[in-house]
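Asks: First the structure, then my questions, so here it is.
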Amino acid sequence: MKVSLKWLSEYVDVPSDLKAFCDRLDLTGTGVEAVEKTGEAFDGVVVGYVETCEQHPDSDHMHVVSVNVGADEPVQIVCGAPNIAAGIKVPVATVGAVLPGDLKIKKSKLRGVASCGMCCSQRELGMGNNHDGIWVLPEDAVVGTPIAEYLKLSDTVLDLEITPNRPDCLSMAGMAREVGAMYRTDVAYPQGELVEDATATPTSGQVSIEIADASRCCRYTARVIRDVQVGPSPDWLAERVTAAGARSINNIVDVTNYILFLLGQPLHTFDFDKLAGADGMAHIIVRPAAEGEKLTTLDGEARELTPDMTVIATPDRAVALAGVMGGLDSEVTDGTTTVLLEAAAFNRAHTSRTSRNLGLISEASMRYERGVDDNPVALNADMAAALIAEVAGGTVCPGMVDVWLEKTEPVDLAFRVPRFCAMMGADIPRADVVDILERLGCQVSDTADADVLDVVAPTFRPDLEREIDLYEEVLRLWGMDRVPATLPGGRGRFGVRSELEHVMDTINKTMCASGLNETMTYSFAEPGDLDRLRMSAEGLGQPVELINPLNADQSVMRQSIVPGLLRSVAYNQSRGVKNVQLYEAGAVFFAHEGKKEPKERRRLAGVLAGAMGDAGWNAAPAPFDFFDGKGAVENLARELALPKLRFKALAADEAPHLQPGRAAAVLSGGVELGWVGELHPLAVDAFDADAPVVAFELDVEALARAARPARDYVDVPTFPAVSMDVAFVVDEGVTHERLVQCMTSAGGKLLEDVRLFDVYRDEARVGAGKKSMAYALTYRAADRTLTSEEVDKAHERLIKKVSAATGAEVRG
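Quick note, the sequence shown lines up with residues 1 to 812 if you use my numbering.
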C-alpha cells in the first residue's frame, strides 16, 4: 500500500527523521519496500507565461508560441492545443524533462519549425483525465516556479508491505492509528458531516435490496445522490488519489477511491437511471452468478461467470462483480445525473476466488480478501455521500437502505498482566499495556482481579482472537528490542542435533567437496514437469494441486527436484555459463486417493553439465558423463559408510528419463536409495538446456537409515599382501558387478581388494560377442604372512567358481 506522508500528517504527527521512521515501521511488522519522492517526477516542468502565439506556417491547427519560463530568454514551442493563447500561464516541460509514461522531452522540429519543450495538459502530467486542451494556471502563478512546488506536490510516499492479517492498515486512518500507537501520540480521525435534502424522495422509495445468501454478503447499503455534475475533481482530491497510486478519473469515481484509501472501505457508484426499472425503482439483488452468465466489466472485457462468483444484479441482468469490479453498462459517465452509492461487506473467500479465477486483482478485491469490517459500513457510506455532494454539487436523498443479515461482534478477552510479563521476559508497566491497547482501538476496563484487564478487541482487528494475540500487539509496540536477552530457566536443558541433521551436514560437506554448489528451487511446479522430464510417475503418488496457485506454471507441488535443477542449468547456459554443477536437498510431495493429507519426503538431487573446469592452453577438460555422477554418489556413500553399496543397470523402460546404457539404480544391500545417470537428450531439450546433463536423485531418509555413524576399526595391516592378475573372457551380457560379486564370494577372507584395470574387445582374439575384463586382486591375511601355496590355492578356487557361475574363461 502507498502511504503519502503529507496526507498521513493531517491525522497524526509523522517523525521528521524518515530513516528512523522507516526502521520503526519495520520493527513493528510493517515492511517498507520503497520510498518515493513524488515531486521529483516533475523535474524540468515549470510555470510558463505565453508571450506570443502565432499560427504555424504549415499547419491549420498548430501554433508557434514564445514562452517565458524564467530563463534568460523565452523558448519557442510548437503547440497543437485549441486553447493556447497569448497572455496565459501554463505548465511547460522543458528539454530534458521526463513526463509520466516515460515521455522524454527533446528538442525537435514539427513541420519544419523548431520546438524546445511542451505545453502540458493535466493528463500529460498525470494530474487528471482532462486532455481537451492545455492546463491554464491561475494568474498568480509565478513564472519559472517548478510545477511540483507551485502545486504543492512535493511529498514522500512509502510503499508498505501490509501483512494479510492486518486489513485495518490498508487505509490512511488505519495507518494513522498504527503510527499513533507506535509513538504514543494522539490521532485526529477524519470526520464528515452529511446533509440530506428533506424535500427529496427517501432512498427507501427508490431502492430495494435483496441478499440471497448471507455467507456471500453480510451487509449491503445503498444511498442515492441526485443532480450531480460529473466532471474533473478539485485539485486536492486528484492530488490525494494520485498520491495513493490511482489515476484521477472524475469527481464521482475519485470520491470512491478517496474513501477506499482513507477508510479502507471499497465503494461502487452506479448510474441510477441505468438500474431503474419500469416502476422507477432500482431493485438490487446480491446473488450467486448463474452458470455461464456473461458480464462485461469496466475494463471492456466480456467475462463468463460461474456460480462460485457473487454478482450485484437487477431482476433481468448482472451489473457488477461483487467486491471486484463494476459492469460497463451501469457505469457513471459524463451524462450521469443520479448516482446510486453502494457500500457493502462481501465474503473474503468468494471475492478471492473470483478475482484470481478471472485475473482481476483490484484495490477493492485486495481489501475484501483480507476482510472489510461490516460495522462502520454505513458511516463510511455517509462520508462518501457527503463528499460526492460537495465536489459534484448533488443533493443526498434522505435515509439509507441497509440490509444487515449477520453482524460481526467484538471479542471480549481477559489480559493477565503478570502472565504477560513472565512470558515476554520484561517488566512492562500496566499503564503502558493499557495505553497501547486503547490506542489500537481496544476498550480496556478493570476487573475484580487487579492483575487482570478486560479487553474488548475492535471488530476491525479480526486477528485479535486470543489473549496471546494481545500480548503480541503490546510487545511489538512497546519494543521487542527493549526486552533484555536472558537464558531460559531450568536444569539439564541442552540441545542436540538429530541423526538426520548429522546426515544432512555430511551430505552438504560431501557435495561441496565433490564440486557441486548448493541451490534452492521452488517447491511449486508445473503440472507437466514429469512428462516433460519423461520420468515415470509410478511410485510417486498423485500430484498435490494447490487451491490458490500463484500462477498456472506453479499450480502443483513438485514430485521431483530434478526439473527445477534443469531450469537452473538452462538459465545458466543461456547466459554463457556452460559448466554447471548444482545440488539441492529439499522436500517432494505426493498424495494418495482417499488420504486427507499429502505425504512429504526429503530428497537429494544433483545435476552436472559441461565440464569440471575450463579449457587450458595444453588440455581440454573432459565433459561430464555417467561416471562423474556415479563418483559423486560414491563419495557420499563413503562418507556415510553405506554398507554394500552397488549400482544396478536400468533398462530403457525402467528409466525412460535416462540415456539407455548410462543409467543405474543406487542400492545399499537390498534397499534402493535412488538413481543416477545421464538424462535423456529429449528430456534435457524439453527444459531448453543443452545435453549432456548428468543427474542423480536419492532418498535422504533412506540414506539416513542406511548410514553407519559408528565405523568398525580396522588396524593397519602388519603382514604383506600378495597381488595377482587375472583376465576373464565373458559374454557381453556379464557385468562388472556380477564378476566382482562372484570373486568376492569365492575369495573369502583372504581376498582384500578387487580392481578392474582393463576391458578389451577383439573378435579375432576373444571372439564375437565377448569381452576380456582384467582384474588386479590383492590377497592378505590379518594374522600371518601368506605362503605361495595358500595364495595359489585361493586363486585357483576363485577362478573355478567365477568360471562356473558366469561361463568365463581365463585369458592366457
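Yeah, the Cβ is synthetic: ideal placement off N, Cα and C, and Gly gets one too.
Can you list, in chain order, the stretches of the beta strand (DSSP E) that have 3 or more residues and sit fully within the segment 607-693?
Replies: Listed in chain order, the complete beta strand (DSSP E) runs (minimum 3 residues) inside the segment 607-693 are 645-649, 658-668, 671-679.
Asks: Would you mind reading off the limits of the beta strand (DSSP E) that contains Ser568?
Replies: Run containing Ser568: none in the beta strand (DSSP E); it sits in the alpha helix (DSSP H), 562-574.
Asks: Please state whether DSSP places Ser352 in a helix, a strand or coil.
Replies: Of the three classes helix, strand and coil, the one that applies to Ser352 here is helix, per DSSP.
Asks: Are there three or more Cβ pairs, one per stretch, closer than 8 Å when the segment 80-97 is compared with the segment 63-70?
Replies: Contact between the segment 80-97 and the segment 63-70 is present, because at least three Cβ pairs lie under 8 Å.
Asks: Nearest CA to the CA of Gln542: which residue from Val588, Leu565, Leu500, Thr521?
Replies: Residue Val588 is the option with its Cα nearest to Gln542.
Asks: Might you give, ordered along the chain, the residues of its own chain that have their beta carbon closer than 6 Å to the beta carbon of Met118, omitting 5 neighbours on each side?
Replies: Result list for Met118: Ala93, Ile105, in chain order.
Asks: Quick one: what's Leu27 bridged to in DSSP?
Replies: Answer by DSSP bridge pairing: none, since Leu27 is not bridged.
Asks: Excluding the 5 residues flanking Phe21 on each side, which residues of the same chain have their C-beta closer than 6 Å to its C-beta?
Replies: Once the five neighbours on either side are set aside, the close Cβ partners of Phe21 are Pro15.
Asks: If we count the other Cβ atoms within 10 Å of its Cβ and call it buried at 16 or more, is Ile468 buried or exposed?
Replies: Ile468 is exposed by the Cβ-count criterion.
Asks: Where does the unbroken beta strand (DSSP E) through Asn68 begin, and where does it stop?
Replies: Segment 63-68, the beta strand (DSSP E) holding Asn68.
Asks: Is it buried or exposed for Ala513, if we count other Cβ within 10 angstroms and need 16 for buried?
Replies: Counting Cβ neighbours within 10 Å, Ala513 comes out exposed, since fewer than 16 surround it.
Asks: State the DSSP-derived secondary structure class of Glu196, mapped to helix, strand or coil.
Replies: It is a strand residue.
Asks: List the DSSP bridge partners of Asn517.
Replies: The partner list for Asn517 (beta bridge, DSSP) reads Leu582.
Asks: Let me confirm a value: Ile547 is counted as buried when at least 16 other C-beta atoms fall within 10 Å, else exposed. Which label applies?
Replies: So Ile547 counts as exposed.
Asks: Give the single residue among Pro549, Thr806, Gly29 whose Cα lies nearest to the Cα of Thr356.
Replies: Looking at the sequence shown, residue 356 is not Thr but Arg. Here the closest residue by C-alpha is Pro549.
Asks: Please list the terminal residues of the continuous alpha helix (DSSP H) segment that includes Tyr183.
Replies: Element bounds for Tyr183: 172-183.
Asks: Assuming Trp7 and Met172 are in contact, meaning their beta carbons sit under 8 Å apart, how far apart are those beta carbons, in whole angstroms?
Replies: That belief holds up - the Cβ atoms of Trp7 and Met172 are roughly 6 Å apart, short of 8 Å.
Asks: Starting from the C-beta of Ala704, find all residues in its chain whose C-beta is less than 7 Å away, skip the five residues before and the five after it, and write them out in chain order.
Replies: These residues qualify, in order along the chain: Glu499, Leu500, Val503.
Asks: Tell me the DSSP bridge mates of Leu110?
Replies: Beta-bridge pairing links Leu110 to Val113.
Asks: Whole beta strand (DSSP E) runs in the segment 224-278 with 3 or more residues, listed along the chain?
Replies: Runs of the beta strand (DSSP E) inside the segment 224-278: 267-271.
Asks: Among the candidates Val332, Val90, Pro563, whose CA atom is the shortest distance from the CA of Asp271?
Replies: Selected option, being the one with the closest Cα: Val332.
Asks: For Arg287, list the residues DSSP reports as bridge partners.
Replies: Val311, per the DSSP bridge assignment.
Asks: Give the single residue among Asp762, Lys771, Leu608, Asp481 whose Cα lies nearest to the Cα of Glu732.
Replies: Ranking the options by Cα distance to Glu732, first place goes to Lys771.
Asks: Give me whichever residues DSSP pairs with Cys79 in a beta bridge.
Replies: Bridge partners of Cys79: His63.
Asks: Buried or exposed, going by whether 16 or more other CB atoms sit within 10 Å of the CB of Glu301?
Replies: By the 10 Å Cβ count, Glu301 comes out exposed.
Asks: If you measure between the beta carbons of Leu813 and Leu328, is that distance less than 8 Å?
Replies: Here the chain has residues from 1 to 812 only, and residue 813 is not among them.
Asks: Measuring CB to CB, does Phe261 end up less than 8 Å from Asp373?
Replies: No, the Cβ-Cβ distance between Phe261 and Asp373 is not below 8 Å.
Asks: Tell me which residue opens and which closes the alpha helix (DSSP H) that Ile388 is part of.
Replies: That run of the alpha helix (DSSP H) goes 377-392.
Asks: Thinking C-alpha only, which one of Ile312, Glu438, Leu566, Cys442 is nearest Ala345?
Replies: Comparing Cα-Cα distances from Ala345 to each of Ile312, Glu438, Leu566, Cys442, the minimum goes to Ile312.
Asks: Pick helix, strand or coil for Gln122, following the three-state DSSP scheme.
Replies: The answer is coil: DSSP assigns Gln122 none of H, G, I, E or B.
Asks: Do Val47 and Thr203 have their C-beta atoms closer together than 8 Å?
Replies: No; because the gap between Cβ atoms is not below 8 Å, this pair is not in contact.
Asks: What's the gap between the Cα of Arg167 and the Cα of Ala702?
Replies: According to the sequence shown, residue 167 is Pro rather than Arg. Approximately 45 Å, taken between the alpha carbons.
Asks: Counting along the chain, where does the alpha helix (DSSP H) carrying Met423 start and finish?
Replies: Here the alpha helix (DSSP H) through Met423 covers 417-424.
Asks: Can you check whether the CB of Ala781 is closer than 8 Å to the CB of Phe728?
Replies: It is not a contact, given that the beta carbons lie outside the stated cut-off.
Asks: What does the Cβ neighbour count give for Ser365, buried or exposed, with the cut at 16 atoms within 10 Å?
Replies: Flag for Ser365 reads buried.
Asks: With a Cβ-Cβ cutoff of 8 Å, do Val835 and Val12 count as a contact?
Replies: Residue 835 lies beyond the stretch modelled for the chain, which goes from 1 to 812, so this question has no answer here.
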